[in-house]
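Undergrad: Mapping of the sequence shown onto the UniProt record's numbering: position 268 corresponds to residue 268, and the numbering continues sequentially without gaps. Right, I'll just put the structure down here and ask away after.
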Amino acid sequence: MGGYKMTKSAKVGSVICDELITAANQDHNILALTSDSRGSASLTPFATQLPDQLVEMGIAEQNSVTVGAGLAHSGKRPFVFSPAAFLTMRSIEQVKVDVTYSDTNVKLIGISGGNSYSVLGNTHHSLQDLAITRALPNLEVYMPADEYQTRGLMQYLAKSDHPAYVRIGKQALPDIYENQQQAFRGPGKANIVMDNGNDVALVAAGETVQIAVRTARKLAEQGVQAKVIDLVSVKPLDRALLNQVADQVNLITTIEEHSIYGGLGSAVAEELAIRGDTRVDIAGFPDEPAIAGTQAEVFAHYGLDEQSLTKRIMANLNQ
């Protein structure tokens, strides 16, 4: 996709609701469970149109997961919505025991993931959720990057019989792709969204794909040729594409709205470690409670804006 350009924007949560309404109208076993977060989860249209298929659980994230598992064992197809910080931390035992160990068909939608709740402070940040969910057996992990990808992912999840965790943010995201088939190709499939050359590959997922693209453009101004890889399927990984890219570039830089431990960067480094010939630099949040501020302020503080990333990559390439 060398001709990549950002076009219209859409909030991923609203797109998820739209696709879920379509799927739930066709399959009345599809249910949406929410822990007092229908507004922040963009589920108000679902509640209005399909009130009998929405279950309001109140502020009880653990119970939401367990009830979702029970409903799945009763033939329902539940989608459990909750802020990612609480869904993956507060409910982790229920996710592990009630959902993943038994390969139970519960879809977990972590809203306002990463640093989305930036000004609310680190109690509301979910900067460890990928580390947790990647380690759970049978659980697929996804981070969609635009409207087309979200629609393709949701259509897949509505038919899949396996558990999955989807982390989304709050920002309206410009389109990266031109259609759903191009955007989401199934579990274990990543996409090359820009291919300007072989100096460096920027690997990102979700909202940080936009940052990776802007960084690649700044690098081009410095004469550095970059690829951008959209790792929408964090688990399972697209091992073939990662190794193909590692064969071509001098450096891989991962960009993530997550701790530098256990997340997307760790997943890439784990896959490529056995090669012994690939430099992987992980750009993310350091080993500390994140500061509060606007999302832009927090990203700049931790060097996750395109200006800081460009300097970082240039320095690494010049070593």
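Quick reminder that beta carbons are idealized off the backbone N, C-alpha and C, glycines included.
Using three-state DSSP, classify Leu139 as helix, strand or coil.
TA: Three-state DSSP puts Leu139 in coil, outside helix and strand.
Undergrad: Using DSSP's beta-bridge definition, name the partner residues of residue 347.
TA: Only positions 1 to 319 of the chain appear in the structure, and residue 347 is not among them; the question remains open.
Undergrad: In terms of DSSP beta bridges, what is Lys11 paired with?
TA: Its beta-bridge partners are Ala172.
Undergrad: Out of curiosity, what's the CA-to-CA distance linking Gln53 and Val99?
TA: A direct Cα-Cα distance of roughly 20 Å separates Gln53 from Val99.
Undergrad: When the Cα of Ala164 is compared with those of Asp146, Leu136 and Lys189, which residue comes out closest?
TA: Leu136
Undergrad: Nearest by alpha-carbon distance to Leu241: which of Arg279, Ile255 and Lys189 is it?
TA: The option with the nearest alpha carbon to Leu241 is Lys189.
Undergrad: Considering only DSSP beta bridges, list what Thr150 is partnered with.
TA: According to DSSP, which records beta bridges pairwise, Thr150 is partnered with nothing at all.
Undergrad: Is the CB-CB distance between Glu61 and Leu87 below 8 Å?
TA: yes
Undergrad: Here's the rule: buried if 16 or more other CB atoms are within 10 angstroms of the residue's CB, otherwise exposed. What is Ala273?
TA: When all chains shown are included, Ala273 counts as exposed.
Undergrad: Kindly give me the distance between the Cβ atoms of Leu127 and Phe285, rounded to whole angstroms, as I take these residues to be in contact under 8 Å.
TA: 5 Å
Undergrad: Taking all protein chains shown into account, do 16 or more other C-beta atoms lie within 10 angstroms of the C-beta of Thr310, making it buried, or fewer, making it exposed?
TA: buried
Undergrad: Determine the closest residue to Val234 out of Ala72, Ser37 and Ile255, with distance taken between C-alpha atoms.
TA: Ile255
Undergrad: With burial defined as no fewer than 16 other Cβ atoms inside 10 Å of the residue's Cβ, what is the status of Tyr117: buried or exposed?
TA: buried
Undergrad: Does the beta-carbon distance from Val130 to Gly262 come in below 8 Å?
TA: According to the sequence as given, residue 130 is Leu; it is not Val. Yes, the pair counts as a contact, with Cβ atoms nearer than the cut-off.
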